[in-house]
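In our numbering, the protein residues as written are 1206 to 1373.
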């Protein structure tokens, strides 16, 4: 599926994708994650205006998946990648990650980073298959430590989490 930058008029669609993708967390005993609201339109708009929001689109040019990223500690940090369940298991999430990796490589960025749940099959195990490796919490740079602190404040540490890195 084609990947392109997200348009401002698609931000509500990104929220819908996130809500739909989150439902599967209910099936594994994480209803709080399933019920967690996606980023606000204002927050998504910040990524879109910065050119850090991409969508994978269907034949009608409608988003079916998205990825947003930040620049953290000299790397590109995957803030969120979500695929609508109707389009899951087709390599779309991996394609979005590869798109970001290509951008990072062209810019001379050394790595991609992300934070994720360790025991959710479509989280840390999936990212490991995509070339990410776990990072030791003690060696995290300031930006990743700040992200982990915000996640902890948000209650995400109720389940085991990890920072991961993919060197480019």
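Cβ coordinates follow ideal geometry from the N, Cα and C atoms, glycine included.
- For residue 1212, no alpha helix (DSSP H) segment is defined, and its DSSP state is neither H nor E.
- CA-to-CA, the gap between residue 1209 and residue 1337 works out to about 23 Å.
- The three-state secondary structure of residue 1236, taken from DSSP, is helix.
- Annotated as proximal: residue 1284 and residue 1273, with beta-carbon spacing under 9 Å.
- Remark: three or more beta-carbon pairs, one from each stretch, lie closer than 8 Å, so the region 1264-1283 and the region 1309-1318 are flagged as touching.
- Three or more Cβ pairs closer than 8 Å define a contact, and the region 1347-1356 falls short of that threshold against the region 1287-1296.
- Pairing residue 1354 with residue 1245, the inter-Cα distance amounts to about 20 Å.
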